[in-house]
Structures are given as C-alpha cells and as structure tokens.
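Those sequence lines, one after another, are chains A and B. Note that the working numbering numbers the first sequence so that position 45 is 1482, with each residue one more than the last. Note that the working numbering numbers the second sequence so that position 141 is 142, with each residue one more than the last. Glycine included, C-beta positions come from ideal geometry on N, C-alpha and C.
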Amino acid sequence: MAVLTETRRQTPPVETPPAAARPAVFSHLFLTVWALLTTLPLVWAVLSSFKSDEEILTSPWGLPSELRWENWSRAWNEAHIGRYFLNSALVVTGALTLTMLLGAMAAYVLARYRFRGNRIVYYAFVGGMMFPVFLALVPLFFVVRNLGMLGTLPGLTLVYAAYSLPITVFFLTAFFRTLPTSVAEAAMVDGCGHFGLFFRIMLPMARPGLVSVGIFNFLFQWNQYVLPIVLMQGEGAERKWVLAQGLTALAVNEGYRGDFSGLFAGMTIAMLPVIAGYLLFHRQVQSGLAAGQLR
Amino acid sequence: MRGKRLFIATFLIPPLLLYGIFVISPYAQAFQISGTNWSGLSPTYEFIGLDNFQRLLGDGYFWNALRHNGLLLLLLPVATILLGLFFASMISVGGRADRVGVHGVRGAGFYRIVYFFPQVLSVAIIGVLWKEMYAPHTGMINGALRAVGLDGLAMAWLGDPRFSFWCVLVVLIWMNVGFYVVLFSAAMQSIPRDLYEAALLDGASRVTTLVRITVPLVWDTIQVAWVYLAIIAIDGFAIVQIITDGGPSSSSDVVGLRLYKTAFADGQFGYASAIGVAMFFLTLTVAAMFLQVTRRDRVEL
C-alpha cells in the first residue's frame, strides 16, 4: 500500500489537466442519461397531446405536424378533465386549510402547555404515521358511508385532512418548541390572551414550518390515489371524481374509444400545473418533502 | 386558570374528533372486523376467531401476491439506493479535481431539479404515462426499439406474464431514484472536502472513496431511505393497479391489490381486513428488521 501511495504521489493528478478533467466528463455523461430518462417520458406525453390519433398510431416518436389544441379542449370538456380538476382543487383547498388550522392548533397546545394526558394525545397523533393506510381501508369505507358522505366532496375533504394530521402535528409540535418563550411571556404581560397569542404572534412566527409541512401536505393530498378510489364510488360518484381517478378512468376508456390524443392531452393538463409550481418553488418543495420523509 | 383549560379544550377537541372518527376508529375496527365473516351487505355477521388468518395461510393468490411484495422488498431498495448513491456522488464530488480541491459537477442544481420531477407527479399520472409507454404499438419503448432496428425486442410488455412484474419494478425505481439522489447529495454536502482530497492524494480511486468514505458518512440517510423504500415495496398498490391491474394471470399481483379486490370487488370485508392486519404486521416486522440489520456505529466528524 505504501509503495502504491508513493508512486501515485510522483504524478499528482492536479498537474495533468486531461486526466483530471475526465471524471467530470464521465459524471456528466451518466447524469445526462438519467436526466433524459426522467424527462423524455414527460416530453413525449406533451408532444403526443398535440398529435392526431393517426400520428400516434403510426409513429410514436414523431413530432406533431401541428399544434392541435382541440385535443386539449376535448379532454377538458368531453373527458371531463376540467370537472375533475375543479373537484381536486376544491377538495385539496378545503382539506389543506383544515389540516393546517387543526394541526397547528393541536401542535401548539401539545408543544406549549402542560396538562394531564399531553403525552398520550401526542402519541395518539404521531402513532398514526406507523400504520399502513390499507389496514384502515375497509372500516373507513363504512365509517364514511354511515355518515352519508360516501362519494361526496366534503367527505373526501374531511378524510384527507384527518390522514394528514399525524405528520402535521409531529412536525409542527417540534417547530413550536423551538420558538422563543420570551416573546410569548412579553405578550402575556401586555394582556394578550391565549387565543390572541396564538393567532397574532405564534402562528406568524411559525410561518417557515407551516410552509414546509404545507407543501408536503399539498402534494400528499393532490396526489392521493387509494383514498379517492375507495371513497368516491357508488351512484353518481363519477361527477365528484378527483383528477387522479378521472385520469385513470380515461386511460381505461381510451382503450375502447381509441382517443389516444385526448388521453395524452388530459395527462398533460394534469401534469403541467404541478411541474410549473414545482419549478417556481423547487427549493421549498425539495426541502419540504425531505423534511416530511426524514421525520 | 379556567381560561387556560378552556383554551386547551377548544384547541384540542376539534382535531381529536376528526382524527378519532376517520383515523383511530377505522384502525381499531380493522382488527375487530378481521375476526368476522362479514360480507358488508348484511348487518349481521359472526365472529369466527382466527379462521380468516387460517384461510390466508392456504390462499394461493395471497402467497403469490406476497411473493411479489417480497421481491419488491429485496430489489427496490437495493436498486434505488445504489442508483441514488451513484448519481448523488457524481453530483457532489464528481466534478473536476484541481488545485483548489474536489468539486461538485457544474449544473448540479439543474440535475437536482430535473431528477425530482417524478416525485411531484401523482402516481396516477406516472401510472398512466408508463402504461402508454409500454403499449405494444403506440408506446415509446417499442417505438424506440423499432427505430434502432431491434424489432425483435419489441414486445407486448404488459400482456406477457414473464415481463409484467419487471415492468412494474422499473416504474417504481424510475419514480423513486430522483428523490434519493437529492436526499443523498444533500447529506454529502456536509462531508468535509479535505477527506476526499486526502484520499485522492493517497491514490484511492473514485469507487474506493465512494465505498470507504461517502457511504459510511451518509449511512444514517441510507438507513432512513431503506425503511421508506421498504414501505413503498410493501404497498405498490397504485402503480400495479393502474399499469397491470395485477395481471396477466396474477403475474404482477401485490397484497394491497388483493385486499382492495377482496373487499370492493368480492365484498368479503372480514377476509379483506385480515389481509390488512397481515400487511400491518409485515410492515412492522420489516421496519424492525431493517433497523436491526442496518445498525452500525455512527461515524462522528
């Protein structure tokens, strides 16, 4: 080993630019391959959304001969992607608001107030992260049905919010603990009540934590699949479907009707807002998701 | 004092109610239902003890599905973590080594942004997209094979029991690698550069530095990645249901899909709950096992 080390030292790699530059070229080669593997399928879907069905059938790799926006409008209107989009937006807006409000309330009390049962309540919330959602699927279906909420948007909203609580409470409890107590004490001395303290002082101070866990929850809820397909069934439920469901149903129907371009257009419509939002806030999204997984 | 109690109650009761109704009560009921022969339609059912679990032991479809989850459990974490480490180390230390030291590659930020794309897309979009990519005539994969003259390799990927499972595995790896590249490369940022420089001066190859320096120093992150990928492998429901629906002839079936079909297609809710309980214990065992196996002395810097 010592001999080997000696011989290497005589020709330090730093002095020979071609040899030293090689690793970088090498790295870029591999990194580019994976970048292409990641993006090409997405680009392919976007390009296919402008093709005619015949172009899709005859040359999967060809470019569209013109920009056929009518595929998009057909997907939006006739395949009801527009309606599913709206349903998704309604459910996620409601659920996210509810999750963040209730989660912050519970986390704040658990982090900052001493009372009997504090630990029990905390572990009841956090323990929910350890159970696979499949275990709850059958009873949940009946709970929601017995409440008369099967196949309704409010029902789905409440379920999304409930299943987002464990991670939210866990993350925000830790966050509220890190906030300085001096500010809270000063406010109390100035006559600020418990409610005022929370809404006017602690909540604004917790903004960075709220943003991180909010992004995590948004993606969890927007991309949810198993909960809607279990809970949005029954008579007339198709009108209340969310995007994930509508898209997969479209993929199944497309086989019968042969409307390939409509399917790709629907896929692109579902994909672009999320990608655009991600590109705008990629730093926050990455750190939010990483924080959520590294709990 | 009363004000404080009132405040605690107002803040805790609404979230607890929501959580209790939709999360705690279903989980608790699952264990209870798993001991019944409830078919869901009739209000009456009998308590049949552990019969459902006995039936599970002799259920060929369940074992077939479980075998696929087992394969995923072996292959998905290993493949994803290896690819993740490989690309992450290229991003963090794969750049030119010069007088100033070891660098990340140029455009590291770009790669991190692009690799993360599948992570923000929903499983529904990814599933439908890949289903179309695998399509025999219109798909991108066969299109590419035909374009380079490999017509013989163009297959009906999802229609062939020999390939369907592997097609699903490829999608699961594809959708997860990017996240772990970002995670690992973030962990690698905290490794002091001079460690690499010293190793390179001593004549260590890139592979050696990866195995001897990088991996031990990001071991904590690898361990977490392993547990999460294992959880994804035990699930696998959405991608399988969308791409192959478990077929052809159950060649890509997974336990989650068994549960879903047993409950919502066959209406055997008692038996489906038993599958759910089995999945729960499987998750628990795997998490405990991995934490045991991957335990290693932490390297302090």
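Against H1631 of chain A, the close residues of chain B are G4, K5, F8, in the order they occur along the chain (beta-carbon pairs closer than 8 Å). Residue environment analysis places L1717 of chain A among the exposed positions, since fewer than 16 neighbouring C-beta atoms fall within 10 angstroms of its C-beta. In the three-state reduction of the DSSP assignment, F1487 of chain A falls in the coil class. Residue nearest to T263 of chain B within the set A:V1667, A:T1469, A:A1727 is A:V1667 (criterion: CA-CA distance). Comparing alpha-carbon positions, the option among B:G110, B:G4, B:Q33 lying closest to H1465 of chain A turns out to be B:G110.
Against chain B, the CB of T1685 of chain A has a partner CB under 8 Å away; the residue lies at that interface. Minimum Cα-Cα distance from F1635 of chain A among the listed residues A:L1577, A:L1539, A:Y1521 corresponds to A:L1539. Taking a C-beta cut-off of 7 Å against chain B, the contacting residues of the stretch 1596-1608 of chain A are V1596, A1598, A1599, Y1600, L1602, listed in chain order. Here F117 of chain B carries a coil assignment [DSSP, helix/strand/coil]. One thing to note: A31 of chain B has its Cβ within 8 Å of the Cβ of S274 of chain B. By the neighbour-count criterion, in which 16 or more other beta carbons inside 10 Å mark a residue as buried, Q1661 of chain A falls on the buried side. When secondary structure is reduced to three states using DSSP, T245 of chain B falls in the coil class, being assigned neither helix nor strand. For the pair Y20 of chain B and F1562 of chain A, the CB atoms are nearer than the 8 Å cut-off. The closest CA to that of L86 of chain B, considering only B:R113, B:F185, B:W220, is found on B:F185.
Within the same chain, T37, N38, W39, S40, G271 come within 8 Å of Y46 of chain B by CB-CB distance, once the 5 residues on both sides are set aside. For Y28 of chain B, the residues of chain A that pass the 7 Å Cβ criterion are F1568, L1572, A1573, in the order they occur in the chain.
Annotation: the stretch 1638-1702 of chain A contains the following complete segments of the alpha helix (DSSP H) (minimum length 4 residues), in chain order: 1644-1659, 1663-1668, 1680-1694.
Taking 9 Å as the Cβ-Cβ cut-off, the stretch 1472-1484 of chain A approaches chain B at A1472, L1474, T1475, T1476, L1477, P1478, L1479, W1481, A1482, given in chain order. Residues of chain A with a Cβ closer than 9 Å to the Cβ of S274 of chain B are, in chain order, L1572, L1574, V1575, P1576. At a cut-off of 8 Å between beta-carbon atoms, L184 of chain B makes contact with chain A.
In the DSSP annotation of this structure, M1566 of chain A is not part of any alpha helix (DSSP H), being labelled neither H nor E.
The straight-line gap separating the alpha-carbon atoms of G1588 of chain A and N1508 of chain A is approximately 29 Å. Under DSSP, T37 of chain B shares a beta bridge with B:F48. Remark: three or more beta-carbon pairs, one from each stretch, lie closer than 8 Å, so the stretch 1677-1685 of chain A and the stretch 1513-1527 of chain A are flagged as touching. Between V255 of chain B and N70 of chain B a beta carbon distance of about 5 Å is seen, short of the 8 Å cut, so the two are scored as contacting. Exclusion of the five residues before and after R1549 of chain A leaves F1613 as the residues of its chain whose Cβ lies within less than 7 Å of its Cβ. A straight line joining the alpha-carbon of H104 of chain B with that of I92 of chain B spans about 9 Å. A residue is called buried when at least 16 other Cβ atoms come within 10 angstroms of its Cβ; G128 of chain B meets this threshold and is buried. For H69 of chain B, the enclosing alpha helix (DSSP H) starts and ends at 61-94.
CA-to-CA, the gap between Y62 of chain B and S250 of chain B works out to about 10 Å. Look at T245 of chain B: its C-beta is not under 8 Å from any C-beta on chain A. Each residue's CA atom was taken as its position, placing A1573 of chain A and Y1560 of chain A some 18 Å apart. If you draw a straight line from the Cα of R56 of chain B to the Cα of V182 of chain B, it is about 42 Å long. DSSP places M280 of chain B in the uninterrupted alpha helix (DSSP H) bounded by 270-294. For Q120 of chain B, the nearest CB of chain A lies under 8 Å from its own CB, placing it at the interface with that chain. Judged by beta-carbon spacing, F117 of chain B lies within the 8 Å limit of Q1723 of chain A, meaning their Cβ atoms are closer than that value.
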